[in-house]
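Peer 1: As given, the protein sequences belong to chains A and B, one line each in that order. Letter 38 of the first sequence, counting from 1, is numbered 37 in numbering that gives the first Met the number 0, and no numbers are missing. Letter 357 of the second sequence, counting from 1, is numbered 356 in numbering that gives the first Met the number 0, and no numbers are missing. Backbone N, C-alpha and C fix where the C-beta goes; we use that ideal spot for every residue, glycine too. I have a structure here, written as structure tokens, and I will follow up with some questions on it.
Protein chains: 2
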Amino acid sequence: MEQIEQYGIFESRERADGNITGIFSCEETRIRVKAFAVNEGEVMVRFRPEHTGVWEYRIQAGERILRAGSFLCIQAGEGNHGPVSAAGFGFRYADGTEYRPFGTTCYAWIYQPEEIRRQTLESLAGSPFNKVRMCVFPKDMIYNEEEPAYFPYARGIAEDVQPGNPSHNQEEGCNHRKKQGKWNIGAPNQTFWEILETSILELDRLGIEADLILFHPYDRWGFSQLSKEDNLKHLEYCAARLAAYKNVWWSLANEYDLMPGRTDQDWDIYGQKIKERDPYGHLLSIHNCFQPYEKADWMTHCSLQTADTKSAMTMRLQYNIPVMIDECGYEGDIPFDWGNLSAFELVHRIWMGYIRGGYCSHGETYESEDNRLWWSKGGKLKGESVARIAFLKEILQELPQNAEPFCWKIETDPNGKKQEGADTPFAMAMMKLDEEERNRRILDMLPMALCSEECWLQYLGRSCQRELHVNAPGKGIFRAEVLDVWNMSRICASEGFEGSLHMNLPAKEGTAVLLKKISM
Amino acid sequence: MEQIEQYGIFESRERADGNITGIFSCEETRIRVKAFAVNEGEVMVRFRPEHTGVWEYRIQAGERILRAGSFLCIQAGEGNHGPVSAAGFGFRYADGTEYRPFGTTCYAWIYQPEEIRRQTLESLAGSPFNKVRMCVFPKDMIYNEEEPAYFPYARGIAEDVQPGNPSHNQEEGCNHRKKQGKWNIGAPNQTFWEILETSILELDRLGIEADLILFHPYDRWGFSQLSKEDNLKHLEYCAARLAAYKNVWWSLANEYDLMPGRTDQDWDIYGQKIKERDPYGHLLSIHNCFQPYEKADWMTHCSLQTADTKSAMTMRLQYNIPVMIDECGYEGDIPFDWGNLSAFELVHRIWMGYIRGGYCSHGETYESEDNRLWWSKGGKLKGESVARIAFLKEILQELPQNAEPFCWKIETDPNGKKQEGADTPFAMAMMKLDEEERNRRILDMLPMALCSEECWLQYLGRSCQRELHVNAPGKGIFRAEVLDVWNMSRICASEGFEGSLHMNLPAKEGTAVLLKKISM
């Protein structure tokens with residue numbers, strides 16, 4: 000019997016058209032997946048078995064069975080943790096292993112020549128990143144204006160081609176728009192989808208999640224202005240073709256609020272559509288330019304654009320799902336403020352995001368002679384933030400999984416007594432502020448720390464304080480270290496202390512302090 | 000006839016008690032000033048003639064004339080520009096010279112030993128500062144906990160002194176509180192007031208305005224909790240005694256909202272009182288911890304505490320008076336976030352404040368063995384921001400007086416047509432935001448620049464862009480310079496251009512660009 004590894008891929012091609020379905024059963028589980036067109040008159044059913052055992056399947060056209068069979072799903076091999084899903088404010092692989100996202104952004108890397116794509120994968124392999132934001136549709140934007148060599152779909156026959164004009168037999172998708180018809184979302188371009196699939200698989204081999212952006216506004220070809228029907232067709236095709244890959248995430252849109260002519264109700268329909276057509280429940284979110292999309296039942300996590308990474312904590316309270324800040328500005332030197340952060344500033348923002356209980360993505364926008372900016376095309380990483388992100392990752396990996404961002408709660412006393420300190424002039428002045436402003440200020444005043452009873456990781460941000468009095472977050476003996484987030488150094492401040500500790504600090508921006516329990 | 004320089008001081012002492020008034024007349028002008036107590040049974044009338052000519056005066060007790068005479072007020076000598084007042088969003092001396100505040104903060108410097116006070120004045124003399132925020136009442140706060148050698152007023156007889164207790168004949172104000180009575184605001188302590196007056200005069204000699212804080216919350220002696228009657232008495236005394244000094248400003252409070260038991264209505268009464276008792280109309284404001292005080296008719300300018308110095312522009316629109324950000328954090332290394340900014344961060348905040356049309360004050364809080372932090376005690380300046388503030392001052396002094404912060408206005412078309420660009424996805428997405436959030440974002444996206452038709456000073460903040468395309472702000476030939484706000488360097492980028500210019504920048508934080516018209 001054919002063997003397929005758990006979370007691996009089963010595929011079956013059929014000479015058929017139209018509404019083909021695969022039905023996969025194992026014990027109590029029964030999953031239906033739709034086939035997707037691969038060539039003229041040929042479709043494929045692609046399926047991922049999520050648990051071990053014998054799976055029976057039937058490929059049907061309506062009620063007519065085209066094929067039936069079975070395979071044995073064997074246990075996942077070492078390093079195969081399965082797909083990632085949300086768990087509380089964090090993420091977990093299917094096998095229970097914690098997944099802590101360290102994302103980066105290469106919007107149009109799959110549209111680059113093969114050599115560059117290979118370079119991108121090499122760069123990723125040597126990086127701390129385990130998630131990449133990438134567009135399905137091609138991207139038209141400054142620094143990324145070359146005509147793609149392929150498109151996801153074919154064009155129909157041009158309606159406005161003038162009779163008598165010389166016929167153009169250029170490669171698909173490379174003609175000028177005027178001479179071509181509308182996109183035919185029913186006619187997928189295999190070249191494109193195979194490159195995309197290979198890319199997803201290559202990322203998976205590197206342990207990297209592919210955060211696929213299904214729509215985006217940076218477009219000169221018309222993909223951002225398809226009809227509603229075509230939008231739905233596109234989503235159905237993506238789901239049928241890509242959902243079986245365990246490392247796929249769905250990002251409904253990059254900057255949904257910049258896409259003309261779509262209402263929040265439309266986006267809700269698109270979110271429901273993906274949810275309905277994805278039998279595995281991949282991670283699914285939507286990314287904003289200005290206003291974050293309101294919480295929706297199909298949204299598994301936030302995917303925010305904001306420079307204010309400290310807001311991760313307030314967004315947790317508001318959304319009650321994991322908070323990913325997928326765009327907080329990029330390290331670079333271009334003339335747009337979203338793309339000219341110093342490496343230190345990006346590292347600083349990223350530290351604040353994680354310490355406040357969120358996750359931040361990296362991006363890099365250095366001008367270069369070859370016009371190859373990582374954020375758009377991939378290629379080589381040039382910046383200085385990447386190594387520091389790796390350092391942060393190393394530190395966070397040492398923390399117990401239950402570490403939470405430090406948050407001060409106003410306790411309500413059941414006897415109606417005033418809380419200690421509530422009648423100080425300071426507290427009384429704060430109480431006069433409106434609630435939002437007050438909460439913002441309280442948040443600003445709280446130490447930035449991730450903590451549990453066993454650990455206390457405090458980031459001092461841009462503060463240059465020379466001394467710090469810290470309290471151990473629980474009972475027992477703690478070790479204390481002073482971290483330099485830029486120089487990536489760790490200096491032991493105490494081999495063991497109980498209770499509290501007076502620490503001397505280097506009095507510079509980018510200092511952190513780590514307390515870890517070493518014995519009872 | 001006695002001669003007094005314009006904006007100088009006329010003084011007259013009388014053996015008298017009670018309600019003594021001085022009436023000063025010159026041509027159409029007639030000014031009444033109240034006398035103030037100097038010693039038991041002795042009062043003084045102090046007056047500042049503001050214009051040249053013969054002044055007649057009478058000192059009266061009720062209707063009874065104690066003294067009469069005249070003096071000749073002669074024209075102000077070189078360097079004597081008179082008092083400063085608000086003019087639009089800026090300030091001007093009485094002789095029309097522009098005054099651009101560059102303030103610093105030495106809250107309790109007048110309570111330090113003479114040697115330190117002299118050191119403070121020497122430090123100020125070598126600095127770019129032309130305004131000092133300083134408290135009239137002593138200050139009790141961490142790093143400033145020594146008992147003062149003098150207080151502004153004497154204490155009454157203690158009510159709770161036990162008979163039979165040994166009598167303490169220590170210097171006034173140095174006993175423990177328990178053994179003493181309430182403060183007698185009718186009994187000023189000459190030692191204190193003479194030191195304050197000398198200090199004000201010394202500052203004036205250096206061309207520095209004395210921004211006197213009349214109330215503040217950092218107190219262990221009871222000055223922050225006087226009765227309303229005593230508060231008014233204190234204000235009356237300050238006005239009668241100090242208003243004649245041309246370089247005095249009134250700051251009704253430091254952190255008014257942290258003073259227990261005072262309502263906004265109380266503050267309004269105090270503001271009115273100072274205004275009523277100050278015949279010269281000195282600059283008058285009030286400083287907040289959290290919520291800026293609402294605009295009041297006695298308020299000549301804003302005196303804000305906020306780390307967000309960019310908000311100067313929105314505060315201009317809101318208050319329509321000059322916007323001083325008197326506290327935006329201090330350069331230092333203490334364990335409080337308001338006092339551990341890097342020098343660069345303070346310089347950055349100060350640049351943003353000025354470029355956005357406001358004025359920012361400096362402060363310094365470095366820990367030191369002698370426990371002498373500039374922000375509280377004065378002494379020696381240790382930080383690195385001062386030199387950079389001097390550089391900023393030098394640059395701003397080169398700008399024409401009519402330079403205004405660059406501000407983008409949404410033009411309303413009288414024909415109801417849409418503004419150009421209003422139907423872009425970007426603009427449409429912004430229009431969906433609530434107004435406050437939209438304005439905040441528009442402000443964030445605007446270039447930070449001070450400009451007129453003759454100049455364009457753009458501060459790029461923390462942006463590390465490598466290139467900048469600039470447009471000359473008017474017709475004619477412009478010179479272009481690249482400024483490094485930290486290294487205080489100026490590099491010529493173009494000796495002369497018309498229209499627009501492509502500039503190469505150092506791609507680092509703290510870059511500014513200065514365009515100045517050099518010919519038609």
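Helix or strand or just coil, what does DSSP make of G352(B)?
Peer 2: Counting from one through the second sequence, the residue named residue 352(B) turns up at place 353. In this structure, G352(B) counts as helix in the three-state DSSP scheme.
Peer 1: So the candidates are P404(B), T308(B) and S367(B); which of them puts its Cα closest to the Cα of H361(B)?
Peer 2: Within the second sequence, residue 361(B) is the residue found at index 362, counting from 1. Per the Cα distances, T308(B).
Peer 1: Suppose you measure from the CA of G7(A) to the CA of K516(A); what does that come to, to the nearest Å?
Peer 2: Translated into the one-based positions of the first sequence, residue 7(A) becomes position 8. Translated into the one-based positions of the first sequence, residue 516(A) becomes position 517. Straight-line Cα distance between these residues: approximately 40 Å.
Peer 1: Using 8 Å as the cut-off, can you tell me whether the stretch 126-135 of chain A makes contact with the stretch 212-221 of chain A, which would need three or more C-beta pairs spanning the two stretches below that distance?
Peer 2: yes
Peer 1: Nearest CA to the CA of I156(B): which residue from E146(B), K138(B) and K181(B)?
Peer 2: Numbered from its first residue, the second sequence carries residue 156(B) at position 157. Per the Cα distances, K181(B).
Peer 1: Could you confirm whether any beta carbon from chain A is found closer than 8 Å to the beta carbon of A295(B)?
Peer 2: Counting from 1 along the second sequence, the entry for residue 295(B) is found at position 296. Closer than 8 Å: no.
Peer 1: Rounded to whole angstroms, what's the CA-CA distance from K130(B) to P424(A)? Just pull it up for me.
Peer 2: As a position in the second sequence, residue 130(B) is number 131, starting the count at 1. As a position in the first sequence, residue 424(A) is number 425, starting the count at 1. Those two C-alpha atoms are separated by around 29 Å.
Peer 1: Assuming A153(B) is part of the alpha helix (DSSP H), what are its boundary residues?
Peer 2: Residue 153(B) sits at position 154 when you count from the first residue of the second sequence. Counting along the chain, A153(B) falls outside any alpha helix (DSSP H), though it belongs to the beta strand (DSSP E) covering Y152 to R154.
Peer 1: By the three-class DSSP mapping on this structure, what secondary structure does S122(A) have?
Peer 2: As a first step, residue 122(A) must be located in the first sequence, where it is residue number 123. Helix, per DSSP.
Peer 1: Please tell me whether I115(A) and G377(A) are closer than 8 Å, where the distance is taken between their beta carbons.
Peer 2: Against the first sequence, residue 115(A) aligns to sequence position 116. Against the first sequence, residue 377(A) aligns to sequence position 378. Going by C-beta atoms, I115(A) is nearer than 8 Å to G377(A).
Peer 1: Based on DSSP bridge pairs, tell me the residues matched to F70(A).
Peer 2: Position 71 of the first sequence holds residue 70(A). DSSP lists W54(A) as partners of F70(A).
Peer 1: Whose C-beta lies closer than 6 Å to the C-beta of L372(A) among residues of the same chain, with five residues either side of it excluded?
Peer 2: Numbered from its first residue, the first sequence carries residue 372(A) at position 373. Within the same chain, L372(A) has close Cβ partners Y142 and T364.
Peer 1: From the DSSP output, in three-state form, read off H167(B) for me.
Peer 2: Translated into positions along the second sequence, residue 167(B) becomes position 168. Note that H167(B) scores a pLDDT of 42, beneath 50, so its modelled location is shaky and nothing firm can be said.
Peer 1: In the DSSP assignment, the alpha helix (DSSP H) including Q264(A) goes from what residue to what residue?
Peer 2: For the purposes of this step, residue 264(A) is taken as the residue at position 265 of the first sequence. Looking at the DSSP string, the run of the alpha helix (DSSP H) that includes Q264(A) is D263 to R276.
Peer 1: Could you say which of Q400(B), Q457(B) and G87(B) lies nearest to W350(B) if we only look at CA atoms?
Peer 2: Taking the second sequence and counting its residues from 1, the one referred to as residue 350(B) is at position 351. Comparing Cα positions, the closest option is Q457(B).
Peer 1: For the stretch 435-454 of chain B, list every residue whose C-beta sits within 9 Å of some C-beta in chain A, in sequence order.
Peer 2: E436, R437, R440, D443 and M444
Peer 1: What residues of chain B sit near D336(A), judged by a beta carbon separation below 7 Å?
Peer 2: The residue you call residue 336(A) lines up with position 337 of the first sequence. Near D336(A) (Cβ distances below 7 Å), the residues of chain B are S462.
Peer 1: Count the other CB atoms, across all protein chains shown, that sit within 10 Å of the CB of N470(A); report buried if there are 16 or more and exposed otherwise.
Peer 2: Stepping through the first sequence from its first residue, residue 470(A) is reached at position 471. By the Cβ-count criterion, N470(A) is exposed, with fewer than 16 other Cβ atoms from all chains shown falling within 10 Å of its own Cβ.
Peer 1: Report buried or exposed for N339(B), applying the criterion of at least 16 other Cβ atoms within 10 angstroms of its Cβ.
Peer 2: Residue mapping note: residue 339(B) aligns to position 340 of the second sequence, counting from 1. Buried: at least 16 other Cβ atoms inside 10 Å.
Peer 1: Provide the residue span of the beta strand (DSSP E) that contains D443(A), from first to last.
Peer 2: In the first sequence, the residue the question calls residue 443(A) occupies position 444. Where D443(A) is concerned, there is no enclosing beta strand (DSSP E), although the alpha helix (DSSP H) it sits in stretches over E434 to M444.
Peer 1: My assumption, with CB atoms under 8 Å, is that E208(B) sits in contact with N246(B). Please give the rounded CB distance.
Peer 2: The residue given as residue 208(B) occupies position 209 in the second sequence. The residue given as residue 246(B) occupies position 247 in the second sequence. Sure, about 5 Å apart at Cβ, within 8 Å.
Peer 1: Excluding sequence positions up to five away, which residues of its chain have a Cβ less than 8 Å from the Cβ of S24(A)?
Peer 2: As a working mapping, residue 24(A) is identified with position 25 in the first sequence. The answer, listed in chain order, is I30, W54, E55 and Y56.
Peer 1: Using beta-carbon positions only, say whether R154(B) and W192(B) come within less than 8 Å of one another.
Peer 2: Residue mapping note: residue 154(B) aligns to position 155 of the second sequence, counting from 1. Residue mapping note: residue 192(B) aligns to position 193 of the second sequence, counting from 1. At the C-beta level, R154(B) and W192(B) stay beyond 8 Å of one another.
Peer 1: For a test of the three-state rule: what should DSSP assign to D520(A), helix, strand or coil?
Peer 2: For chain A, the structure presents residues 0 to 519; residue 520(A) sits outside this window and is missing.
Peer 1: Compare the C-beta of E508(B) with all C-beta atoms of chain A and state if any pair is closer than 8 Å.
Peer 2: The residue you call residue 508(B) lines up with position 509 of the second sequence. Yes - at least one Cβ of chain A is within 8 Å of the one on E508(B).
Peer 1: Going by DSSP in three states, I8(A) sits in which element: helix, strand or coil?
Peer 2: Numbered from its first residue, the first sequence carries residue 8(A) at position 9. I8(A) falls in the coil class under three-state DSSP.
Peer 1: What would DSSP say about T423(A), mapped onto helix, strand or coil?
Peer 2: If you number the first sequence from 1, residue 423(A) lands on position 424. T423(A) falls in the coil class under three-state DSSP.
Peer 1: Hey, does K431(B) have any beta-carbon neighbour from chain A nearer than 8 Å?
Peer 2: By one-based count along the second sequence, residue 431(B) stands at place 432. K431(B) counts as touching chain A.
Peer 1: Is it the case that the Cβ atoms of P100(B) and F90(B) are separated by a distance below 8 Å?
Peer 2: The residue labelled residue 100(B) in the question sits at position 101 within the second sequence. The residue labelled residue 90(B) in the question sits at position 91 within the second sequence. Yes, Cβ-Cβ distance for P100(B) and F90(B) is below 8 Å.
Peer 1: Take every Cβ of the stretch 293-312 of chain A, pair it with every Cβ of the stretch 57-76 of chain A, and state whether three or more of those distances are shorter than 8 Å.
Peer 2: No: the two stretches stay apart, fewer than three of their Cβ pairs being nearer than 8 Å.
Peer 1: Roughly how far, in whole angstroms, is the beta-carbon of L449(B) from the beta-carbon of P404(B), given that I think they are within contact range, below 8 Å?
Peer 2: Start at 1 with the first residue of the second sequence, and residue 449(B) comes out as number 450. Start at 1 with the first residue of the second sequence, and residue 404(B) comes out as number 405. Sure, about 6 Å apart at Cβ, within 8 Å.
Peer 1: Since Y522(B) and P187(B) should fall inside the 8 Å C-beta cutoff, what is the C-beta to C-beta distance between them, to a whole number of angstroms?
Peer 2: Since the first residue shown for chain B is 0 and the last is 519, residue 522(B) is missing from the structure and cannot be characterised.
Peer 1: Tell me the residue span of the beta strand (DSSP E) that contains K516(A).
Peer 2: For the purposes of this step, residue 516(A) is taken as the residue at position 517 of the first sequence. Run containing K516(A): T510 to S518, per the beta strand (DSSP E) assignment.
Peer 1: Would I333(B) count as contacting chain A if we go by Cβ distances under 8 Å?
Peer 2: Here the question's residue 333(B) lines up with position 334 in the second sequence. Interface residue, yes.
Peer 1: Measure the Cβ-Cβ separation of Q2(A) and F70(A) and say whether it is below 8 Å.
Peer 2: By one-based count along the first sequence, residue 2(A) stands at place 3. By one-based count along the first sequence, residue 70(A) stands at place 71. For Q2(A) and F70(A), yes; Cβs fall inside 8 Å.
Peer 1: Consider the Cβ of L467(A): report whether some Cβ of chain B lies at a distance smaller than 8 Å.
Peer 2: Here residue 467(A) corresponds to residue number 468 of the first sequence, with the count starting at 1. Output row for L467(A): interface = yes.
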